[in-house]
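Q: The structure under discussion is supplied below as structure tokens; questions concerning it will follow.
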Amino acid sequence: MKLLVIEDEREISESICQYFAGEDFLCETAFDYRAAIEMINMNEYVCILLDITLPNGNGLDILKELKKMEKADGVIIISARNSMDDKIKGLETGADDYLVKPFHLPELGARVASIIRRRSFGGKSQIALDHLVLDVFKKTLKLKDEDIPLTRKEYELLLYFIGNKNKVVTKEAIVEHLWGSHIDMLDNYDFIYAHIKNLRKKLVQAGCPDYIKVAYGLGYKFTIH
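Here is the structure:
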């Protein structure tokens, strides 16, 4: 899952990215208004961490741009401004949450996780599909109380499929979501095929139906009724 950190203080940006890398997120960064606008135009994020005060512009204008573009990215404002007026204005403009600097990174992590659950899974920490139970907190998968061991990328891939169940997702969208926009893909999708093949195999061997269908010429579809 991919985050965008829009923060002009590089030390803060780096510490946030290091923390979330340890939580298996991909972090991309923008240090000024123009770079941030370019990033949100090119990419989709599960959450954007947004400072209000930026070189060449204002974070609230980025919120307005996201709203105008009808983007579904979650947004948490991270700001040194602690006034009630700023908080109300940020939330009314479209932010999901507002966190005042300085803050503890685990608190920021919990707020990001809350937004992802709320936006993608109705606020649930456990997702039940047929007899499968995916625990978003523990990052585990069980079938009838039996663990199905997944690698980190297999887990992220399954979570992405579940969040887009019964929809066709392209190989490009999968790469963008799981590996970020800076991966050198060349013309070879073998690494995508390998992860999907291994995930399908583990689910079927555990006794699941083959949920992941190939949409020829388009991508893949996680089909469940």
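According to UniProt numbering, numbering within the sequence shown proceeds without interruption in unit steps and concludes at 225. From the three backbone atoms N, C-alpha and C, an ideal C-beta is built for every residue, glycine too.
Mark Y211 as exposed unless 16 or more other C-beta atoms lie within 10 angstroms of its C-beta, in which case mark it buried.
A: With 16 or more Cβ atoms within 10 Å of its Cβ, Y211 is classed as buried.
Q: Identify the continuous alpha helix (DSSP H) that holds Y33 and give its terminal residues.
A: Its alpha helix (DSSP H) spans residues 33 to 42.
Q: Look at the alpha carbon of R152 and the alpha carbon of F25, and state the distance between them as a whole number of angstroms.
A: Their backbone Cα atoms lie some 10 Å apart in a straight line.
Q: Look up F20 in the DSSP assignment and say whether it is helix, strand or coil.
A: Of the three classes helix, strand and coil, the one that applies to F20 here is helix, per DSSP.
Q: Where I16 and Y45 are concerned, what is the direct C-alpha to C-alpha distance, given to the nearest angstrom?
A: Spanning the two alpha carbons is a distance of roughly 16 Å.
Q: By Cβ distance below 6 Å, which residues in the same chain neighbour G59 in space, the five residues on each side in sequence not counted?
A: Answer for G59: L50, D51, I52, listed in chain order.
Q: Within 10 angstroms of the Cβ of H131, are there 16 or more other Cβ atoms? Answer buried if so, exposed if not.
A: Exposed is the call here.
Q: List the endpoints of the continuous beta strand (DSSP E) containing E28.
A: Where E28 is concerned, the enclosing beta strand (DSSP E) stretches over 26 to 30.
Q: For N164 and E172, what's the separation of their Cα atoms in angstroms?
A: If you take the alpha carbons of N164 and E172, they lie about 14 Å apart.
Q: Note the first and the last residue of the continuous beta strand (DSSP E) segment covering residue 228.
A: In the structure displayed, the chain extends from 1 to 225; residue 228 sits before or after that span and is not available.
Q: Under a three-way DSSP split, which group does D61 fall into?
A: If DSSP states are grouped into helix, strand and coil, D61 belongs with the helices.
Q: What do you get for M1, buried or exposed, if any count of 16 or more other CB atoms within 10 angstroms of its CB means buried?
A: Classification of M1: buried, given that the 10 Å Cβ count is 16 or more.
Q: Whose C-alpha, out of K221, A80, K89, is nearest the C-alpha of I174?
A: Of the candidates K221, A80, K89, the one whose C-alpha sits nearest the C-alpha of I174 is K221.
Q: Taking the straight line between their C-alpha atoms, what separation do you get for E23 and N56?
A: About 31 Å.
Q: Please report the residue range of the beta strand (DSSP E) in which A128 lies.
A: From DSSP, the beta strand (DSSP E) with A128 extends over 126 to 129.
Q: Nearest-angstrom Cα distance between L186 and V168?
A: Residue placement at L186 is poorly supported in this model, since its pLDDT is 49, which falls under 50; the coordinates are not used for a value here.
Q: Does the contact criterion of 3 or more C-beta pairs under 8 Å hold for the region 102 to 119 versus the region 82 to 89?
A: With a cut-off of 8 Å, the region 82 to 89 and the region 102 to 119 do not count as touching, because too few Cβ pairs lie within range.
Q: Measuring only the C-alpha atoms, how far is G217 from I196?
A: Distance between the alpha carbons of G217 and I196 is about 16 Å.
Q: Among D32, T170, H104, which residue has its Cα nearest to the Cα of V214?
A: Out of D32, T170, H104, T170 has the C-alpha closest to the C-alpha of V214.
Q: With DSSP as the reference, identify every bridge partner of D8, one or two as the case may be.
A: DSSP, once it has assigned bridges, lists no residue as partnering D8.
Q: So, for I192: in the same chain, excluding its five sequence neighbours on each side, which residues have a beta-carbon less than 7 Å away from its beta-carbon?
A: Hits under 7 Å: K171, I174, V175.
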